[in-house]
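Chain order of the listed sequences is A and B.
Throughout, my numbering is defined as the position within the first sequence, counted from one, plus 8.
Throughout, my numbering is defined as the position within the second sequence, counted from one, plus 22.
Glycine included, each C-beta is placed from N, C-alpha and C at the ideal position.
So the structure is just underneath, and the comments pick up after that.
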Amino acid sequence: MADLSSEFLGIKSPNPFWLASAPPTDKAYNVNRAFEAGWGGAVWKTLGEDPHVVNVNGPRYAANYGNDRRVIGFNNIELITDRPLDVNLKEMRQIKRDWPDRALVASVMLAMEEKVWARLIPMIEDTGIDAFELNFGCPHGMSERGMGAAVGQVPEYIQMATEWARKYASVPVIVKLTPNVTNILPPARAAKAAGADAVSLINTINSIMRVDYDSLTMYPSTDGMGSHGGYCGPGAKPIALHMIAEIARTPDTADIPISGIGGITDWRDAVDHLALGAHNVQVCTAVMVYGFKIIDDLLDGLSNFLDEKGMTRVSDLVGKAVPSVTDWQYLNLNHIEKASINQHLCISCGRCHVVCEDVSHQAITHSVAGKRHFEVLDEACVGCNLCVSICPVEGCITMQPLTGGVDPRTGKPVSNEKADWTMHPANPLRER
Amino acid sequence: MHADIESGRLNAAEIETNFLDMHPPLERPEALVEADRCYFCFDAPCTRACPTGIDIPGFIQKIRSNNTKGSAQTILSENIMGGMCARVCPTEELCEEVCVRTTLEGQPVQIGLLQRYATDAIINERLQLFQRGTASGKSVAVVGGGPASLSCAHRLSMLGHQVTVFDAAGKPGGLNEYGIAAYKTTHDFAQTEVGYILSIGGIELRSKQALGRDFSLASLREEYDAVFLGFGMGGVNALGMQDEEIEGVVDAVEYIAKLRQAENKADLPVGRRVLVIGGGMTAIDIAVQNKRLGSEEVTIAYRRGPEQMGASQLEQDFARTSGVVTRHWLAPERLLSDGQRVNGVRFEYTRLDENQKLQATGEYRELAADIVFKAIGQNVLWGTLGDTEESLALEAGRIAVNEQRKTSLEDVWAGGDCVAGGQDLTVAAVQDGKLAALDIDRFLRGSQNSLGA
Numbered sequence: 009m010a011d012l013s014s015e016f017l018g019i020k021s022p023n024p025f026w027l028a029s030a031p032p033t034d035k036a037y038n039v040n041r042a043f044e045a046g047w048g049g050a051v052w053k054t055l056g057e058d059p060h061v062v063n064v065n066g067p068r069y070a071a072n073y074g075n076d077r078r079v080i081g082f083n084n085i086e087l088i089t090d091r092p093l094d095v096n097l098k099e100m101r102q103i104k105r106d107w108p109d110r111a112l113v114a115s116v117m118l119a120m121e122e123k124v125w126a127r128l129i130p131m132i133e134d135t136g137i138d139a140f141e142l143n144f145g146c147p148h149g150m151s152e153r154g155m156g157a158a159v160g161q162v163p164e165y166i167q168m169a170t171e172w173a174r175k176y177a178s179v180p181v182i183v184k185l186t187p188n189v190t191n192i193l194p195p196a197r198a199a200k201a202a203g204a205d206a207v208s209l210i211n212t213i214n215s216i217m218r219v220d221y222d223s224l225t226m227y228p229s230t231d232g233m234g235s236h237g238g239y240c241g242p243g244a245k246p247i248a249l250h251m252i253a254e255i256a257r258t259p260d261t262a263d264i265p266i267s268g269i270g271g272i273t274d275w276r277d278a279v280d281h282l283a284l285g286a287h288n289v290q291v292c293t294a295v296m297v298y299g300f301k302i303i304d305d306l307l308d309g310l311s312n313f314l315d316e317k318g319m320t321r322v323s324d325l326v327g328k329a330v331p332s333v334t335d336w337q338y339l340n341l342n343h344i345e346k347a348s349i350n351q352h353l354c355i356s357c358g359r360c361h362v363v364c365e366d367v368s369h370q371a372i373t374h375s376v377a378g379k380r381h382f383e384v385l386d387e388a389c390v391g392c393n394l395c396v397s398i399c400p401v402e403g404c405i406t407m408q409p410l411t412g413g414v415d416p417r418t419g420k421p422v423s424n425e426k427a428d429w430t431m432h433p434a435n436p437l438r439e440r
Numbered sequence: 023m024h025a026d027i028e029s030g031r032l033n034a035a036e037i038e039t040n041f042l043d044m045h046p047p048l049e050r051p052e053a054l055v056e057a058d059r060c061y062f063c064f065d066a067p068c069t070r071a072c073p074t075g076i077d078i079p080g081f082i083q084k085i086r087s088n089n090t091k092g093s094a095q096t097i098l099s100e101n102i103m104g105g106m107c108a109r110v111c112p113t114e115e116l117c118e119e120v121c122v123r124t125t126l127e128g129q130p131v132q133i134g135l136l137q138r139y140a141t142d143a144i145i146n147e148r149l150q151l152f153q154r155g156t157a158s159g160k161s162v163a164v165v166g167g168g169p170a171s172l173s174c175a176h177r178l179s180m181l182g183h184q185v186t187v188f189d190a191a192g193k194p195g196g197l198n199e200y201g202i203a204a205y206k207t208t209h210d211f212a213q214t215e216v217g218y219i220l221s222i223g224g225i226e227l228r229s230k231q232a233l234g235r236d237f238s239l240a241s242l243r244e245e246y247d248a249v250f251l252g253f254g255m256g257g258v259n260a261l262g263m264q265d266e267e268i269e270g271v272v273d274a275v276e277y278i279a280k281l282r283q284a285e286n287k288a289d290l291p292v293g294r295r296v297l298v299i300g301g302g303m304t305a306i307d308i309a310v311q312n313k314r315l316g317s318e319e320v321t322i323a324y325r326r327g328p329e330q331m332g333a334s335q336l337e338q339d340f341a342r343t344s345g346v347v348t349r350h351w352l353a354p355e356r357l358l359s360d361g362q363r364v365n366g367v368r369f370e371y372t373r374l375d376e377n378q379k380l381q382a383t384g385e386y387r388e389l390a391a392d393i394v395f396k397a398i399g400q401n402v403l404w405g406t407l408g409d410t411e412e413s414l415a416l417e418a419g420r421i422a423v424n425e426q427r428k429t430s431l432e433d434v435w436a437g438g439d440c441v442a443g444g445q446d447l448t449v450a451a452v453q454d455g456k457l458a459a460l461d462i463d464r465f466l467r468g469s470q471n472s473l474g475a
């Protein structure tokens, strides 16, 4: 059995699964239930200055559904905690006393004035928390007031506020980044420059869920009007993975520890985050959809996976896939793959044919000798992976590399030497 | 021993339960989950297997997107009786048999139930999806009130022709109204559907008008620009045994019709021991319905094996789970009676020889019965159809037609059970009517053109 215990910035927790700062960590009642269920840690719902904020009294959440109403994505316009600071601090103190083995992190969102940080950071730290997480990510509501994503989108602001936090906190400081930027590296660099101990990402993505088909107004709405929210859940995961990998593979940011957030629903999602550079992970949407119990699958799914891979602890997995992430220009253009359909597994739905026909390179038959039959034509297949992606039968279509001979499509011999765009004759800027 | 036949074997509540919808309709959440199972196949095998060629992945996709109206349009534009076919099609031998989900996991997408989901919503609301075409000035006589005729009439109306439907029965619908087991079409759906079909306009229905009695084929050809014959099969095949007219030997088709029209099913006479001779859908329907009316012992006797039965495996299983015993390899040899009434049948055991030919074995067995139902197929009662038989080319006792369902006469088309080479299915009859209407339209417009030239 692999050891799932986690140590992140020196903070120990029984497993690498923390609850992200969000509705599930709004108060002691929920966090107690989470820790009873087995969660390794919790980042408390973001604290702010008193007087506390207020929320709308109508819909805060909306879902993007698959057909059986399976939630693909979630959107929210909930603000930071809407309870008085002293109530939160009292509960946090108690939780940390009751659950000393779990990680408890205080998420904070404060005005861009040093004196506010000077006053509140020590007060909050006094509850016994293990770390701070600076919320520079929420894209809705608070950003209109110059906080959340409004800070996270300006590296200079990140740096300034992180420096204040670092100055007044003695526990580690994690900077939570917004994905609502074109390049995640400047914000990460700013956090690092300010002395942040780690970054966590991603926060939610600017979004509008849909319109109401009857009234043709934005949905959900509050008294007929709506405001953009933050998008999260399974649909957001690929965006998170990209940003995490960018930080993890870029030399000057690679040494910043990362807490991965974004679309983690089952253990495989956690494997994605960890292998692409996250040191631990945070979960919210899956809990909002299924409740705390999903921790069971996250824990033993990850444990069984580590066992299968011969890994003994979570840190063995961290960053394993990072070296495989590179720029397009370094991909080996001499590597050739062809799709191959396993006729024993094929159920003859024909979807591979029709998408190849309508979209790609007309490389899959629909009939052979007058009979319904789907087969790849190597002379036309460019190896695009579209058929693999849409085939309903797992493992039926696979990509097979050509290791020698001639590529029937180009008529050219298969070369085992690597050649990428930087050296390609068609590249006017090629390295000579 | 006296024949044990009585009505009211079960009380009204029991009968109501026994005759509830055989496959209850899908609720919206179920329909969405089921629709999601469809893989939207290319050149879908289900569509190819459908005699009316409904774009099945297309209509299922529209259920998925909550475009129920579009879904019904996709179905009904190929098969105006898509509602009834959703209930009575042997989908396990057509679309669902070839569903790729069957290959993958042995469990096809429930196409029939999805089709019912889409069409019920439209037909029960009487939402008109079709428009009568611009009047062509041509008139067509349609003989018969069943699926082939109504399909033909509807399509002809869409194409702008004036249609007169002559139906010998009191109510339109043909076997949909008189021949289908009651639990397959509850809540008077057959009439609802006919009402929907006729609501397009341009179709005049003349009930209780029989070919050969009230008019002749020649008179129709005289009066109308084209004629479609869809009168089905009025006769029941005889067992070919002595004393077949004896009390207690009953036509299954006739009994099913009575059952469908009964105000109160409990009033129907029901035998304690019922013997059904035959192996098709009618045999299953009469057997199961008798069981559900309270027969104690219902046996189907068939002269061949389960694989040769006209009824699908699913239907055979349905009979078994309904408490009907099916005995194979028994050919009826003679009726047993007390001189007044039948009280059983003597059978001879059969087998297939190496050439797959049925052979008698010389072994016998008797089965006692209070009622014996004949369900060994039907035939066209040519004797009652006046000049029809002599006017048309026939094939194996039915009307010969070409691919467009045209008969040997240039202005007469035919479809449904009365034509040769058919599948004897509602869905096939609907297709016959549709193809005939399209060809009639070509014929009528062609003649129009030539007149104008």
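Cα-Cα separation between residue i and residue j, rounded to whole angstroms
{"i": "Tyr246 of chain B", "j": "Val164 of chain B", "result": "10 Å"}
{"i": "Gln283 of chain B", "j": "Gln129 of chain B", "result": "36 Å"}
{"i": "His343 of chain A", "j": "Pro409 of chain A", "result": "7 Å"}
{"i": "Ser443 of chain A", "j": "Arg77 of chain A", "result": "In the structure as shown, chain A begins at 9 and stops at 440. Residue 443 of chain A is therefore absent and cannot be evaluated."}
{"i": "Thr448 of chain B", "j": "Val441 of chain B", "result": "13 Å"}
{"i": "Leu72 of chain B", "j": "Gly438 of chain B", "result": "The amino acid occupying residue 72 of chain B in the given sequence is Cys; Leu does not appear at that position. Near 16 Å, if we compare the C-alpha coordinates of Gly438 of chain B and Cys72 of chain B."}
{"i": "Val333 of chain A", "j": "Ala253 of chain A", "result": "7 Å"}
{"i": "Glu345 of chain A", "j": "Cys354 of chain A", "result": "20 Å"}
{"i": "Val330 of chain A", "j": "Ala262 of chain A", "result": "10 Å"}
{"i": "Lys15 of chain B", "j": "Val258 of chain B", "result": "The first residue shown for chain B is 23 and the last is 475, placing residue 15 of chain B beyond what the model contains."}
{"i": "Phe188 of chain B", "j": "Gln453 of chain B", "result": "20 Å"}
{"i": "Leu403 of chain B", "j": "Ser413 of chain B", "result": "15 Å"}
{"i": "Lys428 of chain B", "j": "Ser238 of chain B", "result": "18 Å"}
Helix, strand or coil at residue i [DSSP, three-state]
{"i": "Asn471 of chain B", "result": "Any answer about Asn471 of chain B is weak, because its pLDDT of 45 lies below 50 and its placement is not dependable; what the coordinates show is given next. In the structure shown, Asn471 of chain B sits in a helix (DSSP, three-state: H, G or I)."}
{"i": "Glu411 of chain B", "result": "helix"}
{"i": "Asn214 of chain A", "result": "strand"}
{"i": "Phe16 of chain A", "result": "strand"}
{"i": "Trp429 of chain A", "result": "helix"}
{"i": "Glu28 of chain B", "result": "strand"}
{"i": "Val164 of chain B", "result": "strand"}
{"i": "Ser115 of chain A", "result": "strand"}
{"i": "Asp339 of chain B", "result": "helix"}
{"i": "Arg105 of chain A", "result": "helix"}
{"i": "Val95 of chain A", "result": "helix"}
{"i": "Val364 of chain B", "result": "strand"}
{"i": "Glu269 of chain B", "result": "strand"}
{"i": "Gln153 of chain B", "result": "coil"}
{"i": "Lys35 of chain A", "result": "coil"}
Paired residues, beta bridge with residue i - DSSP
{"i": "Lys123 of chain A", "result": "In DSSP, Lys123 of chain A forms no bridge with anything."}
{"i": "Met349 of chain B", "result": "First, the residue type needs correcting, since residue 349 of chain B is Arg and not Met in the sequence shown. Paired residues: B:Ala323."}
{"i": "Thr372 of chain B", "result": "B:Ala382"}
{"i": "Arg420 of chain B", "result": "B:Glu417"}
{"i": "Glu355 of chain B", "result": "According to DSSP, which records beta bridges pairwise, Glu355 of chain B is partnered with nothing at all."}
{"i": "Met226 of chain A", "result": "A:Val219"}
Practice prompt. Give the residues from the segment 374-393 of chain A that approach chain B closer than 8 Å (Cβ to any Cβ), ordered along the chain.
Written response: Listed by position, the residues of the segment 374-393 of chain A near chain B (Cβ gap below 8 Å) are His374, Arg380.
Worksheet item: In the segment 107-139 of chain B, which residues sit with their C-beta less than 7 Å from some C-beta in chain A, listed in chain order?
Response: Val122, Thr125, Leu126
Fill in: the segment 50-67 of chain B: positions lying closer than 9 Å to chain A by Cβ
Pro51, Leu54, Val55, Ala57, Asp58, Tyr61, Phe62, Cys63, Phe64, Asp65, Ala66, Pro67
Worksheet item: Going along the segment 346-375 of chain A in order, which residues come within less than 7 Å of chain B, judged by CB to CB distance?
Response: Ile355, Ser356, Cys357, Gly358, Arg359, His361, Val362, His374
Discussion item. Suppose only complete runs of 3+ residues qualify. What are the beta strand (DSSP E) ranges in the segment 285-320 of chain B, listed by chain order?
Written reply: Listed in chain order, they are 295-299.
Fill in: Contained beta strand (DSSP E) runs [length at least 3] in the segment 236-316 of chain A, N- to C-terminal order
237-240, 266-269, 288-291
Practice prompt. Taking only beta carbons into account, state which residues of the segment 396-413 of chain A come closer than 9 Å to chain B, listed in chain order.
Written response: Pro400, Val401
Practice prompt. Return the residues of the segment 68-82 of chain A that lie within a Cβ-Cβ distance of less than 7 Å from chain B, sorted by chain order.
Written response: Asn75, Asp76
Discussion item. Which runs of the beta strand (DSSP E) at least 3 residues long sit entirely within the segment 111-195 of chain A? Give them in chain order.
Written reply: 111-116, 139-143, 181-184
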